[in-house]
Every structure is written in structure tokens, then in C-alpha cells.
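Residue numbering for the sequence shown follows the working numbering, starting at 1 and increasing by one per position. Glycine included, every Cβ here is placed at the ideal spot set by N, Cα and C.
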Amino acid sequence: MTGPIVTVSKFPDDPNVYATIKKIRGGHPCNVTAFLPRIPLKNDRFLDIASAADIGRATLYRYFPSRDVLVAAMGDAVLEDLSSRLIEADLDSVPVPEALARVSRAFIGNGKYVALIRGADDACLNSEEMDRRVTKPIRDLLQRGIDTGVLRDDLSVDVLVTLSGALLRAGIDLTATIGAERAGATITSLFLDGTRSSRTPEA
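Next comes the structure, spelled out in C-alpha cells:
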């Protein structure tokens, strides 16, 4: 779920930048996949990005002098949005199965994470921030699942994080064919079917 550490750029203090980014993102504040093809980010060219966003390449260069700066800025926005979704999900307030369903909805509710995840080798996120704001809440949830008997205790948290990450990626792909709601429910069910403990859970 994380990539190598990269400095995450902030948007310049220029209101025109936000208008430009909003247009680039197809009108959605963080919709990175509105203009990024569904291929690894390292293969996207500025010309392709500008063309898909229906803006001039010079306009794109004016605010983002390199593709890396643009991708890092988008990564920063996506991280902020996903972190906010997990906070709003209030994972600690509900039983583990419902909390897992909320995690799925947070990731899958909008396809903007497709490009981010598929471009992880290109590292558009600061992995320390990703670990602190996204991975840690999920790890804590999975550990609670083990401690309360909801999840199997013969699988480590690291293994569960890896499994959940793989299913989240698959779920994002499934949204195109079965829709976000069904994709989220499907991967949550598959995860619980494979990791649920045979013990009677306490919570």
C-alpha cells in the first residue's frame, strides 16, 4: 500500500493553480484518474496529460515544471483525501466487520486511487506519511480484529495488511464492471471469509 519515500510537493500559493488543477482533474478536487491513463504513472507524458485535460502543455508547465512535481502534488492531495475519509469513517466506533467495510468504501468510493496504486513504483507519495495516516489506522483495526477474536490469530498483522491491500486493488478494478458499492461489499466479504477466526468474537 506504500511506495518509496519521495518529497511531496505542495501547490504554489497562486489561486490560478487551484483552478488549473481542478480542470486537470476533471472538475473533481482530487480526481487524478480523470486525466491519467490506467497505466503505470511512469508512462504518462505531459503532452498526453495536457491533451486529456484539454489544456495547453504550456499551461501545465507554468505551474508544474516537471511531471514529477505534478505527480507529487497529486499524491499529496490524494493522501489528504484518503486520510480524511478514514478519519470520517470512525473505525474505532464500530465492530471490526463494519470497520473493514468502511475501509473498503473509503478506498473504492472514488476511482481516483487507481492511478496512485498502479503507479506505486513511481512513488508519488511520502511513504512515512502514508504509513502514519493510512496504513497505521488499518493495522490498528486488523490488530483489534485479532485481539477480539474476529480475525485469525495465526496470521500476522503484516500478512493481513498485505492481503487487504491486494483485495483493495482488485476492488478498485472491479468498480468498472460491477460498481463501487458491490465491489466494496465483495472484497470485504472475501477478506472476512478468508481471515475470520473460528473463535467466538468478543467485538
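{"Query": "Express the C-alpha separation of S83 and V134 in angstroms, rounding to a whole number.", "Result": "6 Å"}
{"Query": "Please say whether L79 and S128 have beta carbons closer to each other than 8 Å?", "Result": "The amino acid at residue 128 is misidentified as Ser; the sequence shows Glu. No; because the gap between Cβ atoms is not below 8 Å, this pair is not in contact."}
{"Query": "Kindly list the residues whose CB is nearer than 7 Å to the CB of S93, restricted to its own chain and excluding five residues on each side of it in sequence; keep chain order.", "Result": "none"}
{"Query": "Quick check: the Cα distance between P95 and L70, rounded to an integer number of angstroms?", "Result": "39 Å"}
{"Query": "Please classify R196: does DSSP put it in a helix, a strand, or coil?", "Result": "strand"}
{"Query": "Enumerate in chain order the residues of its own chain whose CB-to-CB distance from G179 is below 6 Å, with the five nearest sequence positions on each side excluded.", "Result": "none"}
{"Query": "Which two residues bound the contiguous alpha helix (DSSP H) that contains S104?", "Result": "V96 to I108"}
{"Query": "Residues in the same chain with beta-carbon distance under 8 Å from A170, minus the five sequence neighbours each way, listed in chain order, please.", "Result": "I187"}
{"Query": "Considering just the uninterrupted stretch of the alpha helix (DSSP H) at P137, what are its terminal residues?", "Result": "K136 to D147"}
{"Query": "Taking only the alpha-carbon atoms, compute the straight-line gap between A183 and R105 and give it to the nearest angstrom.", "Result": "9 Å"}
{"Query": "Is D122 buried or exposed, if buried means 16 or more other CB atoms sit within 10 Å of its CB?", "Result": "Summary for D122: the model assigns pLDDT 45, below 50, so the residue's position carries little reliability, and this model does not support an answer."}
{"Query": "Measure how close the beta-carbons of L155 and T195 come, nearest whole angstrom, since I'm counting them as under 8 Å.", "Result": "6 Å"}
{"Query": "Give me the Cα-Cα distance between E98 and R139, rounded to the nearest whole angstrom.", "Result": "15 Å"}
{"Query": "Does the separation of the CB atoms of S197 and G149 fall below 8 Å?", "Result": "yes"}
{"Query": "By alpha-carbon positions, which one of L160, D153 and L86 ends up nearest to R132?", "Result": "L86"}
{"Query": "Bridge partners for L151 per DSSP, in chain order?", "Result": "R196"}
{"Query": "In this structure, does DSSP put D81 in helix, strand or coil?", "Result": "helix"}
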